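Start counting the sequence shown at 167; every next residue gets the next number (the working numbering).
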Amino acid sequence: MTVAKAVRARGLEIEPLNLTPLLDVLFNLIFFFLLATTLKEERSVMEVQLPQAGVHSEAPKAEREWVVTIGPEGSIFLNDDAVTSAQLKVRLSDATKMPGRPLPVRIRIDRATPGQALVDVMSICHESGHPNFGLEVKPRVRLP
Numbered sequence: 167m168t169v170a171k172a173v174r175a176r177g178l179e180i181e182p183l184n185l186t187p188l189l190d191v192l193f194n195l196i197f198f199f200l201l202a203t204t205l206k207e208e209r210s211v212m213e214v215q216l217p218q219a220g221v222h223s224e225a226p227k228a229e230r231e232w233v234v235t236i237g238p239e240g241s242i243f244l245n246d247d248a249v250t251s252a253q254l255k256v257r258l259s260d261a262t263k264m265p266g267r268p269l270p271v272r273i274r275i276d277r278a279t280p281g282q283a284l285v286d287v288m289s290i291c292h293e294s295g296h297p298n299f300g301l302e303v304k305p306r307v308r309l310p
């Protein structure tokens, strides 16, 4: 005999479950998390036109990271500070000497940047102890 049949046999009524308070709490939580998360577009000192990639999977963004931006004429910025190749190597090498895990490196390049400038920065990252770095690209727009 099920619980519902046993309750009816005794002459008791089962109250329907009121979902209104549950939905109120659920919508308040959704509203809170929508307001709490920041959906901002990242801006930097140098605006670059990112190249497009055919396959796009959103990489998780790190809390803190080194962002190396290479302009179309080959100028290099490290976290919005203009640096030379030698300064970039020194600053990234010094960062690996700090205690803890080294911060990830993200490379942003303009689509008009010469390939050699990218290869030079990748080489500097590898030599300074940051062999794992990412390249930032803009996803291609796919039409249905």
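From the three backbone atoms N, C-alpha and C, an ideal C-beta is built for every residue, glycine too.
In this text, all values refer to a predicted model and were calculated from it rather than measured experimentally.
Give the DSSP-derived three-state secondary structure of residue 262 in the structure shown.
Translated into the one-based positions of the sequence shown, residue 262 becomes position 96. In this structure, residue 262 counts as helix in the three-state DSSP scheme.
Taking all protein chains shown into account, decide if residue 275 is buried (16 or more other Cβ within 10 angstroms of its Cβ) or exposed.
As a first step, residue 275 must be located in the sequence shown, where it is residue number 109. Residue 275 comes out buried.
Indicate whether residue 268 and residue 231 have their beta-carbon atoms separated by less than 7 Å.
Counting from 1 along the sequence shown, the entry for residue 268 is found at position 102. Counting from 1 along the sequence shown, the entry for residue 231 is found at position 65. Their beta carbons are not under 7 Å apart, which means residue 268 does not touch residue 231 by this criterion.
Sort 283, 294 and 178 by Cα distance to residue 238 and report the nearest one.
Within the sequence shown, the letter at position 72 stands for residue 238. Measuring from the Cα of residue 238, the nearest candidate turns out to be 283.
So the candidates are 287, 245, 233 and 235; which of them puts its Cα closest to the Cα of residue 251?
Locating residue 251 in the sequence shown gives position 85, counting from the first residue. Comparing Cα-Cα distances from residue 251 to each of 287, 245, 233 and 235, the minimum goes to 287.
In angstroms, rounded to a whole number, what distance separates the CA positions of residue 285 and residue 263?
Here residue 285 is taken as the residue at index 119 of the sequence shown, counted from 1. Here residue 263 is taken as the residue at index 97 of the sequence shown, counted from 1. Each residue's Cα considered, the two are about 24 Å apart.
Please check the pair residue 233 and residue 272, which I expect to be a contact at CB under 8 Å, by giving their CB distance rounded to whole angstroms.
Translated into positions along the sequence shown, residue 233 becomes position 67. Translated into positions along the sequence shown, residue 272 becomes position 106. 5 Å between Cβ atoms; contact.
Following the continuous beta strand (DSSP E) through residue 301, name the residue where it begins and the one where it ends.
On the sequence shown, residue 301 is found 135 positions in, with the first residue counted as 1. Where residue 301 is concerned, the enclosing beta strand (DSSP E) stretches over 299 to 302.
How would you write the range of the beta strand (DSSP E) that residue 247 sits in, first residue to last?
By one-based count along the sequence shown, residue 247 stands at place 81. 247 to 249 is the extent of the beta strand (DSSP E) around residue 247.
Spatial distance of residue 193 from residue 181 (CA atoms)
The sequence position of residue 193 within the sequence shown is 27, counting from 1. The sequence position of residue 181 within the sequence shown is 15, counting from 1. Looking at the two C-alpha atoms, the distance is approximately 24 Å.
According to DSSP, is residue 235 part of a helix, a strand, or is it coil?
Start at 1 with the first residue of the sequence shown, and residue 235 comes out as number 69. Looking at residue 235 - three-state DSSP - the assignment turns out to be strand.
Quick one: is residue 236 buried, meaning 16 or more other Cβ sit within 10 Å of its Cβ, or exposed?
Here residue 236 is taken as the residue at index 70 of the sequence shown, counted from 1. The residue in question, residue 236, is buried, as its Cβ has 16 or more Cβ neighbours within 10 Å.
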